[in-house]
Each structure stands twice: as C-alpha cells, then as structure tokens.
Amino acid sequence: MKQDMILILDLGSEHNPQLAREIRALGVYSEIHPHDISQAELAALPNVKGIILNGGPNRVVDGVEIDAGAHVYGAGVPVLTPDHRGGAPWPEDGEQRKKALSDFVFGQCRAQANWNMDNFIADQIELIRRQVGDGKVLLALSGGVDSSVVAALLIRAIGKQLTCVHVNHGLLRKGEPEQVVQVFRHEMDANLIYVDAVDRFLDKLAGVSDPEQKRKIIGGEFIRVFEEEARKLEGISFLGQGTIYPDIIESGTKTVKAVKSHHNVGGLPEDLDFQLVEPLKMLFKDEVRACGKALGLPDSMVYRQPFPGPGLGVRCLGAITRDRLEAVRESDAILREEFARHGLEGKVWQYFTIIPDVKSVGVRDGKRADEWPVILRAVNTVDAMTATVENVPFDLLQHITHRITHEVKGVNRVLYDLTPKPTGTIEWE
Ligand code: XMP
-18 MKQDMILILD
-8 LGSEHNPQLA
2 REIRALGVYS
12 EIHPHDISQA
22 ELAALPNVKG
32 IILNGGPNRV
42 VDGVEIDAGA
52 HVYGAGVPVL
62 TPDHRGGAPW
72 PEDGEQRKKA
82 LSDFVFGQCR
92 AQANWNMDNF
102 IADQIELIRR
112 QVGDGKVLLA
122 LSGGVDSSVV
132 AALLIRAIGK
142 QLTCVHVNHG
152 LLRKGEPEQV
162 VQVFRHEMDA
172 NLIYVDAVDR
182 FLDKLAGVSD
192 PEQKRKIIGG
202 EFIRVFEEEA
212 RKLEGISFLG
222 QGTIYPDIIE
232 SGTKTVKAVK
242 SHHNVGGLPE
252 DLDFQLVEPL
262 KMLFKDEVRA
272 CGKALGLPDS
282 MVYRQPFPGP
292 GLGVRCLGAI
302 TRDRLEAVRE
312 SDAILREEFA
322 RHGLEGKVWQ
332 YFTIIPDVKS
342 VGVRDGKRAD
352 EWPVILRAVN
362 TVDAMTATVE
372 NVPFDLLQHI
382 THRITHEVKG
392 VNRVLYDLTP
402 KPTGTIEWE
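Numbers -18 to 410, taken from the working numbering, label the letters of the sequence shown in order.
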C-alpha cells in the first residue's frame, strides 16, 4: 500500500466527513470507521499512522456513552481524543485547527503527505485484485459519474473479469447510450452488454401520470432488467457498485440517523447473493471526478451535471408519450449545446428542459396550430436543498427559444422558469 492513513473513529460527531476532508487536504489519506471497530478489522487497515476518536453530540447511544475498545488505545500509534479524557477540544478557528491537525498528523504520527490520485488508484487496484482473485464482477453502468469511474477503475484492475451492463431505458439524454458504448466498449475494450429496453420501459409507463408511480416503475423495471441479464451470465460472484462516501453518510451510520435511504445502497435482489466491490466508497464527489480524470475518462463524463435516476421520465410531465419525450430530449440537447458554446457549461450547476402535458395555440406556416411549450430551467446550488436561478443573458434565451421552436417538432413556445428553491423544487415532478 502506498498511502499512509489517519483513522477517524466515529464517536458521534457530525463533523467526521469534514475532518476527513481536512486531513486529506493536508495530503494524508483518512478513513472513517465505526467506534466499535474490532481488533481484526483494525489490524487489516493498511498503514494506519494515527487514530482520532472524534466524539460529539451523538456520543450517548441508548443512554450509554460509547467508546472505542482497549485495542484501539493500545494499537501502538498516537491516539487523539479531542473531546474527552483531558484532550483539548478542536480549535474553532480554521487556521488554528489546521495547525493542530497538522501537528498531530505530521508531528506526532509522522505520516507522509502521499495522498494523491495515482497512489489511490494503485492501492485500489491492488485491493480489488486481492478481493476478486480470478472471480468475475458484474456492474450496472448507467453512464453517470460514479458508475463510469468504478467501471474505469475495475477495467484497469481486472480487465475482462468485469462485465458491464448498460440498460438503455429510453429516458437518457441525447447521445448518452452511444457515449457509454463508445468509451467503454471501443476505447477501453471492456465487456459491455448493451440492453435496449426502451420499448419495455415506455410500455410499462404508458398512461401513468403520477410522478411517484413513474419513479417506482422506472426503478423496479431497472432492477428486473438488470437481474435478467445477471441470471444469463455464469460464474459471477461479485457486484461492482458506484457507492461514494456521501451515499453512505446519507444512509446513516451507527451514531448518525439516516437522512434518506439511498438508491445506491441496498435495493438489490438478495437471492443473487453477490459480494460487493465498492472501491469509491471512501471518496467525496470531487475526488471521484479527479479519479475518473486520472483514469482517462472524457471530461463530458467526469464533469457531467447531476441527472436524476428516472432521467427524462420526470421531465416529461404526466403520462410519458414518445413524441413529448423526443421533444424534451431534443430541446435538452439544444440547451446543453448553447450553454457549452457560451461558456456556461461547468459554471451552471444544473440545467435542463421540461415539457408539460398541455398545448397552446400558435402560428406555424401561416396557420394556427396547437403545440407544446418547453420550459427551461438553469439553477445553482451547493447541496440541492436550496437553489437560485442562473441569470442567463436575455439574448441567449432568445436564441435558444428560436432554435427550439424551429428545430424541435411540436414545440411552439419556450418559457424560462424564474423560481428559486424554495418555493419551487429543481425538478418539476
Ligand atoms: P429537487 O427536484 O428535489 O431535486 O429539488 C434535487 C436534486 O435531486 C435530483 N433528483 C433526483 N435524483 N432520483 C435521483 O437520482 C430522483 O428521483 C430525483 N429527483 C430529483 C434533481 O435532479 C436535483 O439535482
């Protein structure tokens, strides 16, 4: 293993992820583990140079103050206890805190600042090979950032022992399924099974207008299609997953209650009985992107804006029809193209189009014609809990309007959504 590690044990602090980030910002790798880590688990962690027992408001669980076992205190590396046992509390001030942390990490623990993507990748390749041996791994590759980076890492580690399954459910953005095939099958020479499930999904969704019902159908059908593909393959004992650190935090730890159940954690058919391979589970999103870049994935994949699992399905409002779905896909492509051309790609957090299930009268070729409107949405946010609207130049909005109303079949009006979150949400359903 190439990287030194500072181990954070979760004794109920809500700031463990922040602490891990601060240590990584010093160039030293850091992982967070539960307070009750066993002696064997601790011994299995490579290059632990120091341990921080990070307590906090959730330290008392069911009336009992939790603590790490004696084997942690006796592990033979420096142990820092910032909130108890006479230890000094963390300084609030950023600079002093950094100094205290760096004194501990470099002064007491003598850790090397050797946390970088090349070392992370080298370590993960070794760990993946050790875990998988000559076994076979299956991966659902959506083309999103996380699954793409896991795929690239697994390809680097085990090549053709990996089989990727890309399910095209018909709700992806223009060009996305083609890019997945191009990058992974042609450029990275991966085993890639491409499943055209467009008709299957659209048939299931026909006539369904309730948004939650639509989400359920898309999620459920996805698992069924994936499962069918998995059962056709022989000798697979591992499942690759693009779980990243925020997914784990959101699903709750021993001391922090679940914020929400996450689609990336759990939700798999149990009887398939796979062992999980999750090499990104300790990475924050920006680190996942850096990893993808270091593995040679294209920027358009690595810096992709967030895209909901149910995809264009929740942007084609009400019951999905093929013609409106095509209109939302084409208008989205025009919006993305124009934002890229005008330097807004990578600057605006999320931007897309929505098509409602209403028509209004307009004029086309000198005749009155009932057609759909398209709504543009472009927002900025830090955590998606609140969002502000991007101030898109008016002439660009007019240009996009002209293109959409002239190039997208069945669309005669374009509207710009000026609503922040709250009161709006980012998506429309
Ligand atoms: P809202 O609309 O709740 O969206 O303001 C916040 C962020 O979450 C994304 N989003 C989803 N992502 N499955 C997902 O994976 C979903 O069902 C879903 N709904 C919303 C949305 O695109 C935005 O980034």
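C-beta atoms are modelled at their ideal positions from N, C-alpha and C, and glycine is treated no differently.
Exercise. Just mark R305 as buried or exposed, buried being the case when its beta carbon has 16 or more other beta carbons within 10 Å.
Key: The residue given as residue 305 occupies position 324 in the sequence shown. Buried, because 16 or more other Cβ atoms sit within 10 Å of the Cβ of R305.
Quiz item: For E408, is the beta carbon positioned less than 7 angstroms from some heavy atom of the ligand XMP?
Solution: Here the question's residue 408 lines up with position 427 in the sequence shown. Yes - the ligand XMP has a heavy atom lying nearer than 7 angstroms to the Cβ of E408.
Quiz prompt | For A359, the three-state DSSP class (helix, strand or coil) | solution = For the purposes of this step, residue 359 is identified with residue 378 of the sequence shown, where counting begins at 1. Three-state DSSP puts A359 in a strand.
Self-check item: When G216, G50, D48, R110 are compared against L119, the one with the closest alpha-carbon
Solution: As a position in the sequence shown, residue 119 is number 138, starting the count at 1. Of G216, G50, D48, R110, the residue nearest in Cα terms is G216.
Self-check item: Secondary structure of M366, DSSP reduced to three states
Solution: Position 385 of the sequence shown holds residue 366. Coil, per DSSP.
Quiz item: Excluding sequence positions up to five away, which residues of its chain have a Cβ less than 8 angstroms from the Cβ of R154?
Solution: Taking the first residue of the sequence shown as position 1, residue 154 is located at position 173. So the qualifying residues of the chain are F288, G292, L293, R310, D313, A314, R317.
Quiz item: If you drop the 5 nearest sequence neighbours on each side, which residues of the same chain put their C-beta closer than 8 angstroms to that of R137?
Solution: Within the sequence shown, numbered from 1, the residue matching residue 137 stands at position 156. Taken in chain order, the residues that qualify are I102, I106, L276.
Practice problem: Under 6 angstroms Cβ to Cβ from R349, same chain only, skipping five residues before and after it: list those, please. | Solution: The sequence position of residue 349 within the sequence shown is 368, counting from 1. Taken in chain order, the residues that qualify are V342.
Practice problem: Return helix, strand or coil for E443, following the three-state DSSP convention. | Solution: This structure leaves residue 443 out entirely; the chain is present only between -18 and 410.
Quiz item: Per DSSP, P59 forms a beta bridge with which residues?
Solution: One-based indexing of the sequence shown puts residue 59 at position 78. In DSSP, P59 forms no bridge with anything.
Exercise. Can you give me the Cβ contacts of S242 inside the same chain, cut-off strictly under 6 angstroms, excluding the 5 residues immediately before and after it?
Key: Your numbering for residue 242 matches position 261 in the sequence shown. Low local confidence applies: a pLDDT of 42 at S242 is under 50, so the model's placement there is unreliable, and no value is given.
Self-check item: Distance between F320 and W96 (C-alpha atoms, nearest Å)
Solution: Looking up residue 96 in the sequence shown gives position 115. Looking up residue 320 in the sequence shown gives position 339. Looking at the two C-alpha atoms, the distance is approximately 35 angstroms.
Exercise. Can you give me the Cβ contacts of L399 inside the same chain, cut-off strictly under 7 angstroms, excluding the 5 residues immediately before and after it?
Key: Position 418 of the sequence shown, counting from 1, holds the residue named residue 399. Within the same chain, L399 has close Cβ partners V370.
Practice problem: List the residues that DSSP assigns as beta-bridge partners of K348. | Solution: Locating residue 348 in the sequence shown gives position 367, counting from the first residue. K348 is bridged to R345.
Self-check item: Reference G188, options G37, F203, D338, closest by Cα
Solution: As a position in the sequence shown, residue 188 is number 207, starting the count at 1. Considering only alpha carbons, the answer is D338.
Self-check item: Nearest candidate by alpha-carbon position, reference R285, set L7, Y54, A24, V126
Solution: Stepping through the sequence shown from its first residue, residue 285 is reached at position 304. Cα-wise, what sits closest to R285 is V126.
Quiz item: What whole-angstrom Cβ distance do V113 and Q142 have, given they're in contact under 8 angstroms?
Solution: Position 132 of the sequence shown holds residue 113. Position 161 of the sequence shown holds residue 142. 7 angstroms between Cβ atoms; contact.
Self-check item: Distance between K266 and L378 (C-alpha atoms, nearest Å)
Solution: The count along the sequence shown starts at 1 and reaches residue 378 at position 397. The count along the sequence shown starts at 1 and reaches residue 266 at position 285. If you take the alpha carbons of L378 and K266, they lie about 31 angstroms apart.
Practice problem: Indicate the three-state DSSP secondary structure (helix, strand or coil) for C90 in the structure shown. | Solution: By 1-based counting over the sequence shown, the position of residue 90 is 109. The answer is coil: DSSP assigns C90 none of H, G, I, E or B.
Quiz item: Should L214 be labelled buried (16 or more other beta-carbon atoms within 10 Å of its own) or exposed?
Solution: Here the question's residue 214 lines up with position 233 in the sequence shown. Label assigned to L214: exposed.
Quiz item: First and last residue of the alpha helix (DSSP H) that includes L264?
Solution: Along the sequence shown, one-based indexing puts residue 264 at 283. Run containing L264: none; DSSP gives neither H nor E here.
Quiz item: Hey, quick one: how far does the alpha helix (DSSP H) through I4 stretch, first residue to last?
Solution: To locate residue 4, count along the sequence shown from 1; it is residue 23. -3 to 6 is the extent of the alpha helix (DSSP H) around I4.
Quiz prompt | Three-way DSSP call (helix, strand, coil) for A121 in this model | solution = Position 140 of the sequence shown, counted from the first residue, corresponds to residue 121. In the structure shown, A121 sits in a strand (DSSP, three-state: E or B).
Practice problem: Could you check what DSSP says for R394 in three-state terms: helix, strand or coil? | Solution: Here residue 394 corresponds to residue number 413 of the sequence shown, with the count starting at 1. It is a strand residue.
Quiz item: Span of the alpha helix (DSSP H) holding T302?
Solution: Numbered from its first residue, the sequence shown carries residue 302 at position 321. Where T302 is concerned, there is no enclosing alpha helix (DSSP H), given that its DSSP letter is neither H nor E.
Quiz item: What is the rounded straight-line gap between the Cα of L(-8) and the Cα of D84?
Solution: Position 11 of the sequence shown, counted from the first residue, corresponds to residue -8. Position 103 of the sequence shown, counted from the first residue, corresponds to residue 84. Their Cα atoms are separated by approximately 22 angstroms.
Self-check item: Rounded straight-line distance, which links the Cα of D376 to that of F203
Solution: Along the sequence shown, one-based indexing puts residue 203 at 222. Along the sequence shown, one-based indexing puts residue 376 at 395. Computed Cα separation, rounded: 41 angstroms.
Quiz item: In chain order, which alpha helix (DSSP H) runs of at least 4 residues are fully inside the region 150 to 196?
Solution: 157 to 161, 179 to 186
Quiz item: With which residues is E46 paired in a DSSP beta bridge?
Solution: Counting from 1 along the sequence shown, the entry for residue 46 is found at position 65. DSSP, once it has assigned bridges, lists V41 as partnering E46.
Practice problem: Taking D(-9) as part of the beta strand (DSSP E), name the residues at either end of that continuous run. | Solution: By 1-based counting over the sequence shown, the position of residue -9 is 10. Counting along the chain, the beta strand (DSSP E) containing D(-9) begins and ends at -14 to -8.
Practice problem: Excluding the 5 residues preceding and the 5 following K185 in the sequence, name in chain order all residues of the same chain whose CB lies nearer than 7 angstroms to its CB. | Solution: Within the sequence shown, the letter at position 204 stands for residue 185. Result list for K185: I198, E202, in chain order.
Practice problem: Measure the CB-CB distance between V53 and I32 and report whether it falls below 8 angstroms. | Solution: Residue numbering aside, residue 53 sits at position 72 when the sequence shown is read from its first letter. Residue numbering aside, residue 32 sits at position 51 when the sequence shown is read from its first letter. Against a cut-off of 8 angstroms, the Cβ pair of I32 and V53 comes out as a contact.
Quiz prompt | Of the listed residues D180, R181, F182, F165, nearest to I174 (C-alpha basis) | solution = As a position in the sequence shown, residue 174 is number 193, starting the count at 1. Checked all of D180, R181, F182, F165; the closest Cα to I174 is F165.
Practice problem: Identify which residue in E193, I385, Q93, K262 has its Cα closest to the Cα of A300. | Solution: Taking the sequence shown and counting its residues from 1, the one referred to as residue 300 is at position 319. The shortest C-alpha separation from A300 is found at E193.
Quiz item: How far does the beta strand (DSSP E) with S11 in it reach, from first residue to last?
Solution: On the sequence shown, position 30 is the one that residue 11 refers to. Taken as a continuous stretch (DSSP letters only), the beta strand (DSSP E) holding S11 covers 10 to 15.
Exercise. Go ahead and pull the three-state DSSP assignment for Q286.
Key: Numbered from its first residue, the sequence shown carries residue 286 at position 305. Q286 falls in the coil class under three-state DSSP.
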